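S.K.:
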Amino acid sequence: MNFEHCIRCTICVENCPVFRVNPDFPGPKQAGPDAQRFRSDREKVEDEWVLLCSQCKRCEMACPCGVEPAQIILRAQQRYGLEHPHSLAHLLFANNYYLSTLGSLTAPIANMIASTEMGKKAFRAMGISTHIPFPKFRFRKLHNENKNLNRGRRKVAFFYGCFINFYRPDIGRKIIRLLSSLNVDVVLPPQWCCGLPALGNGNLDLARSFAQKNASSLSNYIDAGYDVIYTCTSCGLCLLHDYPDILEIPQGKKIAENSYDVHEYIIKLINEGYIKPDFGEVRRKVAYHIPCHLRALDIGYPAAKLMAMIPGLEYEILDDACCGLSGSYGFKKSNESTAIQLGNRAVSLIKKTGAENIVADCGSCRMQLGGISGMTSLDPAEILCESLRITGKKSRV
Amino acid sequence: MSVTEYDVIIIGAGVSGLTAGEFLAGRGFKVALVTSGEPTACLSTGCIDVCSRDHNPLAGIKELPPAHPYHLVPEKTIRESLDNFQAAMLDMGIPYVGAPEENRLVLSALGTFKTSCLVPSTMEAAPQDAKDSIHIISFAGLKDFYPSYIISRRKNTKVSVYDAGVSSTMGIASHFEEKEFFEKFIIWLGKLDIQEDKIAFPAVLGLESAAEIVNTITILMGKPVFEIPTIPPSMPGRRLFNALKDYFRKKGGDIYWNWPVIGVEKSGKIIEAVTTTSTGRPNSLNGKAFILATGSFVGGGLTATREAIIENVFNLPVHVPGMRETWFDNDYFSFNHGIGKAGIIADSSLLPTGSPWENIFVCGSILADTEILKNGCGHGLALATAHVAAKSCMEYIR
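Chains as they are written, first to last, in numbering that gives the first Met the number 0: chain A, 0 to 396; chain B, 0 to 397.
1. For A/Ile71, is the classification buried or exposed, using 16 other Cβ atoms within 10 angstroms of its Cβ as the cut-off for buried?
2. Taking the beta strand (DSSP E) that B/Gly262 belongs to, which residues open and close that run?
3. Would you verify that the beta carbon of B/Cys46 is, or is not, closer than 8 Å to some beta carbon of chain A?
4. If you measure between the beta carbons of B/Pro201 and B/Leu141, is that distance less than 8 Å?
5. Assign B/Lys268 to one of two classes, buried (16 or more other C-beta atoms within 10 Å of its C-beta) or exposed (fewer than that).
6. Can you tell me where the alpha helix (DSSP H) with A/His288 in it begins and where it stops?
7. Can you look up A/Asn143 in the DSSP assignment and give me helix, strand or coil?
8. Helix, strand or coil: how does DSSP classify A/Arg19 here?
9. Give the DSSP-derived three-state secondary structure of A/Tyr229 in the structure shown.
10. Quick check on the burial criterion: 16 or more other C-beta atoms within 10 angstroms. Buried or exposed for A/Tyr97?
11. Give me, in chain order, the residues of the same chain whose beta-carbon lies closer than 6 Å to that of A/Lys43; leave out the 5 immediate sequence neighbours on both sides.
12. Taking B/Ser159 as part of the beta strand (DSSP E), name the residues at either end of that continuous run.
13. Using 8 Å as the threshold, is the segment 65 to 79 of chain A in touch with the segment 198 to 205 of chain A, meaning 3 or more CB pairs across them?
14. With DSSP collapsed to three states, give me the class of B/Glu37.
15. Measure from the alpha carbon of B/Ala288 to the alpha carbon of each residue in B/Glu21, B/Phe28 and B/Met234, then state which is nearest.
16. Name the residues in the segment 148 to 172 of chain B whose C-beta lies less than 8 Å from a C-beta of chain A; which are they?
17. In this structure, does DSSP put B/Ser391 in helix, strand or coil?
18. Kindly indicate which three-state DSSP category A/Tyr328 falls into: helix, strand or coil?
19. Measuring CA to CA, which of A/Asp33, A/Pro27, A/Gly80 and A/Asn1 is closest to A/Gly65?
20. Checking 8 Å against the spacing of the C-beta atoms, do A/Phe157 and A/Leu205 come in under that value?
21. Which chain A residues are close to B/Gly465, counting only those with a beta carbon under 8 Å from its beta carbon?
22. Measure the C-alpha to C-alpha separation of B/Glu74 and B/Ser348 and round it to an integer number of angstroms.
23. List in chain order: all unbroken beta strand (DSSP E) runs of 3+ residues lying wholly within the segment 2 to 59 of chain B.
24. Anyone know if the C-beta pair for B/Pro351 and B/Leu315 falls short of 8 Å?
25. List, from N- to C-terminal side, the alpha helix (DSSP H) runs of 4 residues or more that fit wholly inside the segment 113 to 173 of chain B.
26. What are the boundary residues of the alpha helix (DSSP H) that A/Val312 is part of?
27. 8 Å is my cut-off, CB to CB: does B/Tyr331 come that close to chain A?
28. Among A/Glu45, A/Leu50 and A/Glu59, which residue has its Cα nearest to the Cα of A/Val12?
29. What is the DSSP secondary structure of A/Glu47, reduced to helix, strand or coil?
30. Distance cutoff 8 Å, beta carbons only. Does A/Asn143 sit that close to anything in chain B?
31. Could you say if the segment 302 to 320 of chain B and the segment 337 to 347 of chain B meet the contact criterion of at least three C-beta pairs nearer than 8 Å?
Written as structure tokens, this is what we have:
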């Protein structure tokens with residue numbers, strides 16, 4: 000950890016969305032490098048405010064000196080989690096994967112409970128915010144889908160992530176059809192939660208156990224000649240940055256070297272001359288909200304490059320505002336006000352563009368921005384499908 | 000055709016990098032800008048210092064020592080770059096006032112005057128002499144802004160303190176953009192019954208809409224209102240950076256954040272690509288020409304070791320001003336530290352002298368002999384040289 004490189008310029012503080020609206024959080028400079036100088040292995044950590052960091056990584060993107068405040072805080076959060084009892088909400092969200100599996104098995108009942116006033120009251124009693132509706136579980140999860148749709152030379156293992164799997168399997172199916180139409184063979188490897196929610200809720204051991212399972216599964220596919228693609232930018236960030244680093248996964252480097260964002264992968268195929276997609280017209284203006292974790296992936300904005308190839312499509316990139324939800328962060332009662340304030344600000348910037356739809360790569364950004372604005376929010380892959388005239392339904396061949 | 004093949008790759012997201020990028024992208028070139036972190040412009044006062052040596056900045060430039068890089072830029076280009084900047088900022092909603100023939104003064108947080116040329120409209124009403132009486136509105140707990148400094152230098156000054164509920168620059172600025180907070184604040188301000196000529200604020204009056212906020216308070220109070228730039232976090236610096244960045248993107252440029260260049264791909268006298276660190280596979284961007292706008296020491300363009308001064312990206316030859324003993328003056332606050340002359344020497348197309356490459360151009364504070372503090376020429380020089388470097392790139396590609 001390179002906290003000694005901090006020159007205290009405060010550029011990170013200017014970029015911190017939480018600091019902007021929550022005076023209880025001392026900001027990335029103080030919570031990160033400044034406090035790190037005083038953290039001792041022999042003393043219990045008492046600074047509960049480390050939990051207020053949403054891990055958006057904007058401070059790391061902004062630091063001109065290569066300091067990683069979010070990483071320093073993430074480690075402090077893990078230590079805090081080790082030394083203190085976890086709140087109910089933290090425990091529930093860390094185990095989001097298991098709960099969602101249950102929710103998806105009992106989808107109609109779970110959704111009904113979550114939407115009633117009683118259910119909402121129960122949520123709030125457990126420390127869970129109900130400022131936007133809880134996402135709806137779907138009965139048919141993605142991994143029950145038919146696998147190979149089209150024989151192609153390129154083979155990818157699709158790490159679809161929990162959001163797609165439990166809440167929006169239809170988008171997952173669209174991505175599979177999109178890739179198949181681009182002559183890519185898609186398989187769905189055995190997979191679990193990437194581990195980020197557990198990490199974000201201070202549960203390092205649980206995160207590591209998820210990561211180990213995923214790593215051995217994905218690693219087998221890579222050895223068999225598959226590239227790994229992900230669609231959720233937070234899963235991607237976890238695979239690429241946290242597996243080799245804080246989670247110390249032995250196959251981490253291999254996974255990082257062979258994993259691609261789905262749009263990054265399509266661009267790679269175009270650059271290599273493997274495909275020449277014939278994008279059809281989509282006459283619309285969209286606001287492209289850049290998820291914080293896409294910024295943090297250091298790959299630029301690949302979906303924007305693809306959208307630029309779509310005739311008639313007008314898009315405006317918005318990458319200054321965090322949506323405020325940050326996965327399970329904004330669903331905790333303690334962060335509710337932060338999430339709402341940030342969400343409102345992001346939405347007001349979106350409304351200024353006069354766009355018809357919101358586009359964002361991250362499911363939780365879409366949930367928050369769509370929920371607050373009432374606008375339709377789409378995954379960039381949905382726009383690509385629309386342009387290539389690919390529907391979510393199975394084609395009869 | 001490769002989707003990620005660029006005409007020009009700019010390294011550095013400061014005033015010069017973003018300006019060169021906007022110039023090229025606006026003329027139809029495919030431009031990528033890579034940066035490791037945000038620039039020192041965010042820490043600046045947001046004012047465009049052109050040259051502080053004379054009341055007329057353009058005349059001041061003529062008096063600069065012959066080695067100064069300003070002499071590589073025709074006066075027409077300097078004017079053009081400033082006009083262009085003002086038009087761009089107006090377009091982005093942060094108008095700048097001033098003209099290239101006349102410097103103006105900005106009241107500092109110490110009560111002294113800073114000489115600048117183009118200043119944000121929020122500082123337009125700053126007093127230009129000791130006459131005007133001012134009423135400073137400060138905020139409870141706001142760190143690093145002490146009106147007593149100003150009072151000690153200006154007798155006819157009063158202070159009132161408002162409790163905004165938060166004490167950080169960013170937090171207060173954020174509140175000012177909320178309707179409810181603003182209305183409550185205006186009621187409080189009205190009750191003060193201010194008798195002084197002008198009302199001053201530390202620069203915390205919003206982030207996106209500061210110009211409007213200052214106008215609104217001016218109209219409601221019936222008195223000139225102005226902002227006093229603060230030490231970082233500096234809202235005017237951030238507004239400038241945000242506006243330049245959004246303008247560049249509006250013209251069609253791509254930005255790659257967290258992209259420190261750690262290697263280059265080359266062939267003969269040509270740099271073909273730059274690469275960055277990555278946990279995963281190597282990450283590179285191809286370009287036909289490159290603009291180096293990484294700044295000086297604080298910006299990260301240059302590193303000084305015991306023995307030498309190194310240019311961090313392409314290892315270009317660096318002009319070192321004499322032996323190490325001459326790098327620093329005894330007086331810490333001196334304007335005459337020898338190291339202020341360190342940097343890259345370039346010809347009139349801003350191609351570095353002695354460079355083994357023919358497709359790299361430099362601009363901004365990485366240039367040699369700028370002595371930016373002494374000559375008061377930071378952002379102005381950045382704008383002017385960015386235009387020259389961008390034009391050279393255009394000619395090179397053609």
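Quick reminder that beta carbons are idealized off the backbone N, C-alpha and C, glycines included.
These numbers come from a predicted model, not from an experiment.
M.R.: On the basis of the data shown:
1. Burial of A/Ile71 is indicated by the presence of at least 16 other C-beta atoms within 10 angstroms of its C-beta.
2. Where B/Gly262 is concerned, the enclosing beta strand (DSSP E) stretches over Val260 to Ser266.
3. Chain A, which has no Cβ nearer than 8 Å to the Cβ of B/Cys46, makes this no.
4. With a cutoff of 8 Å on beta-carbon distance, B/Pro201 and B/Leu141 are scored as near each other.
5. Only exposed fits B/Lys268, as fewer than 16 other CB atoms lie within 10 angstroms of its CB.
6. Boundaries around A/His288 are those of the beta strand (DSSP E), Arg283 to His288, since no alpha helix (DSSP H) includes it.
7. Interpretation of A/Asn143 is limited by its pLDDT of 47, a score under 50 that renders its predicted location unreliable; no figure is taken from the coordinates.
8. For A/Arg19, the secondary structure class from DSSP, reduced to helix, strand or coil, is helix.
9. In the structure shown, A/Tyr229 sits in a strand (DSSP, three-state: E or B).
10. By the neighbour-count rule (16 or more Cβ atoms within 10 Å), A/Tyr97 is not buried but exposed.
11. Taking C-beta separations shorter than 6 Å and ignoring five residues to either side along the sequence, the partners of A/Lys43 in its chain run Glu82, following chain order.
12. Per DSSP, B/Ser159 belongs to the beta strand (DSSP E) from Thr156 to Tyr161.
13. Because the criterion of three Cβ pairs below 8 Å is met, the segment 65 to 79 of chain A and the segment 198 to 205 of chain A touch.
14. Coil at B/Glu37, not helix or strand.
15. Closest by alpha carbon: B/Phe28.
16. Result list: Gly164, Val165, Ser166, Ser167, Met169 and Gly170.
17. Residue state, collapsed to three classes: helix.
18. Reduced to three states, the DSSP call for A/Tyr328 is helix.
19. Closest option to A/Gly65, Cα to Cα, is A/Asn1.
20. Not in contact: A/Phe157 and A/Leu205 (Cβ atoms no closer than 8 Å).
21. What is shown of chain B runs 0 to 397, which leaves residue 465 of chain B out entirely.
22. CA-CA distance, B/Glu74 to B/Ser348, rounds to 15 Å.
23. The DSSP assignment places complete beta strand (DSSP E) segments of no fewer than 3 residues inside the segment 2 to 59 of chain B at 4 to 10 and 30 to 33, in order along the chain.
24. With respect to B/Leu315, B/Pro351 sits close: the two C-beta atoms are nearer than 8 Å.
25. Runs of the alpha helix (DSSP H) inside the segment 113 to 173 of chain B: 146 to 152.
26. Here the sequence assigns Leu to residue 312 of chain A, which means Val is not the residue at that position. A/Leu312: not part of any alpha helix (DSSP H); member of the beta strand (DSSP E) spanning Leu312 to Leu317, first to last residue.
27. Output row for B/Tyr331: interface = no.
28. Scanning A/Glu45, A/Leu50 and A/Glu59 for the CA closest to the CA of A/Val12 turns up A/Glu59.
29. In the three-state scheme derived from DSSP, where H, G and I count as helix and E and B as strand, A/Glu47 is classed as helix.
30. Because the pLDDT at A/Asn143 is just 47, under 50, the model does not fix this residue reliably, and the value given afterwards should be weighed accordingly. Answer no: the Cβ-Cβ gap between A/Asn143 and chain B never drops below 8 Å.
31. Counting Cβ pairs under 8 Å, three or more are found: they touch.
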